[in-house]
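Scroll down for the structure; my scribbles are underneath it.
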Amino acid sequence: MKELTLPLSDEAIASLHAGDTCYLSGILYTARDCAHRRLFDLIDRGMPLPLPLQEATIYYAGPCPAPEGKACGSCGPTTSARMNAFAPRLFDLGLRGIIGKGEMNGAVIDAIRRNKKVYFAAIGGAGAFYGNAIKECECVAFPDLMSEAIFRLRVEHFPVVVAIDSSGKSIYQK
Amino acid sequence: MKIIQTERITDCVCSLALRAGMTMTPDCLAALQTARRKEAGAAAFALDTILENEAIARREHMPLCQDTGMAVVLIELGNEVYLEGTPLKEAVDEGVRRAYRRGNFRKSICDPLTRQNTGDNTPAHLHIDIVAGDTVRVTFLPKGFGSENMSRLYMLTPAEGREGIIQSVVETVRLAGSRPCPPVHIGVGIGGSFDSCALLAKRALLRGVGCNHPRADVAEIERECLARVNALGIGPQGFGGNVTALGVSCEIAPTHIAGLPVAVNIQCHCIRCEREVIA
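Respectively, the protein sequence lines represent chains A and B.
The working numbering applies: residue 1 is where the first sequence begins, and numbers increase by one.
The working numbering applies: residue 175 is where the second sequence begins, and numbers increase by one.
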């Protein structure tokens, strides 16, 4: 398994191939449906964003509340296809990578190829497993959205599979 | 007549919800272990992670999945029971409220239009059957929506028959693809009406993995659906593989001479379901 540090470098992204398994360590930002709508609203109004898009990797996830003694509760990936409408524009604005589960549509694959970025699949359902890989968790925007808020996570040894690589090759396409 | 305080139902729902969120049913776990032996590569990695996750959740009392689900509660209420105390629906919701707070479960229920979260995972989705006897049987099923979103309802014609039923199941799984966290469990409702058919499909998910319907012709449909779904090759997490579904369960009900409703309720690889009888 490859070990990758976040933020992802262009070289690291270029070295990845669909189907590779790797461990991620560093900073991730969570965002789901509602948070994306609000991010787009900020972008449309030319307002500052609560995350540094140019170096960010977004994790499609909404964690459980942290139990005592842990940084974060269970926190596996949500279905990425619901973010098909959002991902291309964010990639065009500099987003480096996304993490979720399941296939994404042609527009996302095109945006990944065009911008030489990457989509990782985390293993859906493995909430407790991924929760334990999160060492720090801080809400950085939209706390009223509860679990759908944007959280800044520091992860260690967070396993993923390269689902769509920078050439546009997808693990979901036979 | 037996008097049962609804406070006991609140306590029961609370403990079932806490257990269900952290526990995979034993038959589901066994099916995943069997599936692991049939896969390699990324699909095997996915199943290893899922099995390790199950062990962590059990050991550390953590929710298996961050989607701790919509609270589906089925109550079989004995006709010789008199419920005393808070009205039943409120008692059930209070049990859900307590469990989701105590267990550090995610609150996932919101207004469908404003998307405003209700804040405590209520209301529960409550189904009540009046049955013979003087007990209350409570079943708790936390239903995640990654898989619920991939479910479908078909109003077939009688002419489409058995083959139409099987094609509906296969099409639902094919369209769902990698999205519902395969290998999935498939609950199929056959017959009834538009609304009751969907509930049949959900009840089918509660039967237990690898346990076929007692009626031979229905069991045969289950077996054929499973074989044809697994031939799709979607595999664990959609990474490609031999096991796309762990099981298919059908429930049937009489329907109208003009119709053949078929509901396909998709469940992710993990069945979380707990039951208890209040006597």
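Glycine included, every Cβ here is placed at the ideal spot set by N, Cα and C.
All figures in this text were calculated on a predicted structure; none of them were measured in a lab.
Beta-carbon neighbours of residue i, restricted to chain A and to distances below 9 Å
i: residue 237 of chain B; result: 64, 73, 74, 127, 128 and 131
i: residue 243 of chain B; result: Result: empty, since nearest Cβ-Cβ is about 11 Å, beyond 9 Å.
i: residue 231 of chain B; result: 74, 127, 128 and 129
Chain-ordered neighbours of residue i on chain A, where CB pairs are closer than 7 Å
i: residue 443 of chain B; result: 125
i: residue 416 of chain B; result: Here the premise fails: no neighbours, minimum Cβ distance about 14 Å.
i: residue 412 of chain B; result: 102, 103 and 172
i: residue 226 of chain B; result: 129
Which listed residue (the options) has its alpha carbon closest to that of residue i
i: residue 393 of chain B; options: B/367, B/444, B/426 and B/263; result: B/426
i: residue 437 of chain B; options: B/391, B/340, B/294 and B/176; result: B/340
i: residue 416 of chain B; options: B/210, B/181 and B/432; result: B/210
i: residue 126 of chain A; options: B/198, B/250, B/224 and B/373; result: B/224
i: residue 444 of chain B; options: B/241, B/215, B/219 and B/406; result: B/241
i: residue 164 of chain A; options: A/149, A/31, A/21 and A/129; result: A/21
i: residue 61 of chain A; options: A/54, A/67 and A/72; result: A/72
i: residue 276 of chain B; options: B/185, B/410 and B/291; result: B/185
i: residue 236 of chain B; options: B/351, B/413, B/274 and B/355; result: B/274
i: residue 129 of chain A; options: A/63, A/107 and A/97; result: A/63
i: residue 1 of chain A; options: A/15, A/9, A/107 and A/113; result: A/15
i: residue 131 of chain A; options: B/378, B/254, B/301 and B/230; result: B/230
Alpha helix (DSSP H) segment containing residue i, residue limits
i: residue 36 of chain A; result: 33-44
i: residue 193 of chain B; result: 180-196
i: residue 207 of chain B; result: 200-210
i: residue 404 of chain B; result: 390-404
i: residue 371 of chain B; result: 368-378
i: residue 162 of chain B; result: With chain B running from 175 to 453 in the structure shown, residue 162 of chain B is simply not present.
i: residue 89 of chain A; result: 87-92
i: residue 135 of chain A; result: Looking at the DSSP string, residue 135 of chain A is not in any alpha helix (DSSP H); the run it does join, the beta strand (DSSP E), is 134-141.
i: residue 106 of chain A; result: 106-115
Residues that residue i contacts on chain B, provided the C-beta gap is smaller than 7 Å
i: residue 34 of chain A; result: 289
i: residue 146 of chain A; result: 281 and 291
i: residue 78 of chain A; result: 320
i: residue 143 of chain A; result: Within chain B, no residue comes near residue 143 of chain A; the closest Cβ sits about 12 Å away, beyond 7 Å.
Close beta carbons around residue i, own chain, < 7 Å, minus the five adjacent residues each side
i: residue 46 of chain A; result: none
i: residue 228 of chain B; result: 198, 203 and 238
Proximity test, Cβ basis, 8 Å: residue i and chain D
i: residue 19 of chain A; result: No chain D appears in the structure shown, which is made up of the protein chains A and B.
Delimiting residues of the beta strand (DSSP E) encompassing residue i
i: residue 120 of chain A; result: 118-121
i: residue 303 of chain B; result: 299-305
i: residue 116 of chain B; result: As displayed, chain B neither begins before 175 nor continues past 453, which places residue 116 of chain B out of reach and without an answer.
Chain B residues whose Cβ lies nearer than 9 Å to that of residue i
i: residue 178 of chain A; result: The structure shown has nothing for residue 178 of chain A, since chain A only spans 1 to 174.
i: residue 26 of chain A; result: Residues of chain B passing the Cβ test: none, with the nearest at roughly 20 Å.
i: residue 61 of chain A; result: 240
i: residue 67 of chain A; result: 234, 235, 236, 277 and 278
Cut-off 8 Å between Cβ atoms - residues of its own chain near residue i, not counting five sequence neighbours on either side
i: residue 335 of chain B; result: 434
i: residue 430 of chain B; result: 367
Proximal chain A residues relative to residue i, where beta-carbon distance stays under 8 Å
i: residue 314 of chain B; result: Here the premise fails: no neighbours, minimum Cβ distance about 17 Å.
i: residue 216 of chain B; result: 19, 21, 161 and 171
Cβ shell of residue i (< 6 Å), same chain only, five flanking positions each side left out
i: residue 355 of chain B; result: 320, 442 and 443
i: residue 331 of chain B; result: none
Point to revise | Any 3 or more C-beta pairs closer than 8 Å across the stretch 242-259 of chain B and the stretch 288-302 of chain B | key: yes
**Study point:** Inter-stretch contact at 8 Å, needing at least 3 Cβ pairs: the stretch 344-351 of chain B / the stretch 321-332 of chain B
**Key:** yes
Exercise for review: Would you be able to state if there are at least three C-beta pairs under 8 Å between the stretch 116-126 of chain A and the stretch 135-149 of chain A?
Suggested key: no
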